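Below is one structure, written out as structure tokens; comments come after it.
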Amino acid sequence: MLFEKPKKSFFGKLSEKISEVFLGRTVDESMLEELEEVLITSDIGMETTMKIIEQLREDIRKMGITTEEQVKAQIASIVRELIDKGEAHQICEDTPLVILVIGVNGGGKTTSIAKMASRFKNEGKSVLLAAADTFRAAAGEQLEIWGDRIGVNVISHHEGADPSAVIFDAIQSAKAKNIDVLICDTAGRIQTKKNLMTELEKMNKIIGREYPEAARETLLVLDSTTGKNAVSQAREFGEITDITGIVLTKLDGTAKGGIVITIADEFNMPVKFIGVGEGMNDLKEFDPAEFAGGLFNE
1215 MLFEKPKKSF FGKLSEKISE VFLGRTVDES MLEELEEVLI TSDIGMETTM KIIEQLREDI
1275 RKMGITTEEQ VKAQIASIVR ELIDKGEAHQ ICEDTPLVIL VIGVNGGGKT TSIAKMASRF
1335 KNEGKSVLLA AADTFRAAAG EQLEIWGDRI GVNVISHHEG ADPSAVIFDA IQSAKAKNID
1395 VLICDTAGRI QTKKNLMTEL EKMNKIIGRE YPEAARETLL VLDSTTGKNA VSQAREFGEI
1455 TDITGIVLTK LDGTAKGGIV ITIADEFNMP VKFIGVGEGM NDLKEFDPAE FAGGLFNE
């Protein structure tokens, strides 16, 4: 399974904490209050936790739940229902496809782009990268290094260039070469929200004008190890642009996996990919049923 993690993973810790709550106890209101605290400390947001506990309370009453295993199974079922966004979890299969990748610096944006490019290439699709993060020193060079490793071309300009000019040139190249997937890196600077919003609006306008036939995705890359900070980033970027999905990095071995549940529930954003390791093949399609099933599968 994708979600079989080391002992100190989110899954193992959550299961362990719930087992501690049950020691010598029966299923009652005081136990539910302690379960609520366990979920909140697992980086599942307050509102989402309250929703889970309220549903669990009702299910306990209706279904006559009395054991630890029954409680765990019901929590997993509730979580699955919260996070499952159906077909929205799947990356668009139409081509040509333009993917705008957004997210703060240091969250794994560039490596996620490389892993996506490798994935598409392994599927037999032609891929082009656009280095439109022109404000971060050496961002273009970093993307070019990845491009060389994977064997895909990168369109880049000099540092400080207009990001939309890079997008424009990348689109012309993609159209001329009949590229299946164009993946565009963008600047990740939440603190300049207005400028970033203007940048993204300009990029989207150019894509719409120059490549109206292309399918579109806007993916937000979040570092799962940052926990509640990642939730804040989802909120901030969601206010700036329309996001079609989340790429959640560094989920391997982290105790912060609860943000998957919070983001999917609170922002109604589908998780498209998860990073479960450092290898190029360690970017996996997110499976809600498998995630929920892995919660207590020790």
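Numbering (my numbering), first residue to last: 1215 to 1512.
Note that beta-carbon positions come from the ideal geometry of N, C-alpha and C, so glycine has one too.
For clarity, every value in this text was computed on a predicted model and none was experimentally measured.
| query | result |
| --- | --- |
| In the region 1450-1496, which residue ranges form an unbroken alpha helix (DSSP H) of at least 4 residues, counting only runs that do not cross its ends? | 1472-1480 |
| Drop a sphere of 10 angstroms on the beta-carbon of K1219, count the other beta-carbons inside from all chains shown, and report buried for 16 or more, exposed for fewer. | Note that K1219 has pLDDT 46, beneath the 50 cutoff, so the model's placement of it is unreliable and the number below is only indicative. Burial call: buried. |
| Measure the Cβ-Cβ separation of V1366 and V1395 and say whether it is below 7 Å. | no |
| With a 10 Å radius around its C-beta and 16 neighbouring C-beta atoms as the bar for buried, classify M1483 as buried or exposed. | buried |
| Going by other Cβ atoms of all chains shown within 10 Å of its Cβ, with 16 needed for buried, is T1432 buried or exposed? | buried |
| How is I1316 classed by DSSP in three states: helix, strand or coil? | strand |
| Tell me whether the beta-carbon of P1310 lies closer than 7 Å to the beta-carbon of A1346. | no |
| Using a Cβ distance threshold of 8 Å, determine whether the region 1420-1437 contacts the region 1313-1320, with at least three qualifying pairs required. | yes |
| Going along the chain, which residues of its own chain have a beta-carbon closer than 7 Å to the beta-carbon of G1259, five neighbours each way excluded? | V1445, T1476, E1480 |
| Apart from the five residues on each side of it in sequence, which residues of its chain come closer than 7 Å, Cβ to Cβ, to S1387? | L1342, I1369 |
| Do you know whose CA, among T1325, A1302, E1301, I1289, lies nearest D1496's CA? | T1325 |
| If the criterion is Cβ atoms closer than 7 Å, does the pair H1371 and V1380 meet it? | yes |
| Determine contact between the region 1232-1240 and the region 1280-1294, defined as no fewer than three beta-carbon pairs at a distance below 8 Å. | yes |
| Is there contact between the region 1411-1430 and the region 1325-1334, where contact requires at least three CB pairs shorter than 8 Å? | no |
| If you measure between the beta carbons of F1505 and K1286, is that distance less than 7 Å? | no |
| In chain order, what are the residue ranges of uninterrupted beta strand (DSSP E) at least 3 long that sit wholly in the region 1273-1336? | 1311-1316 |
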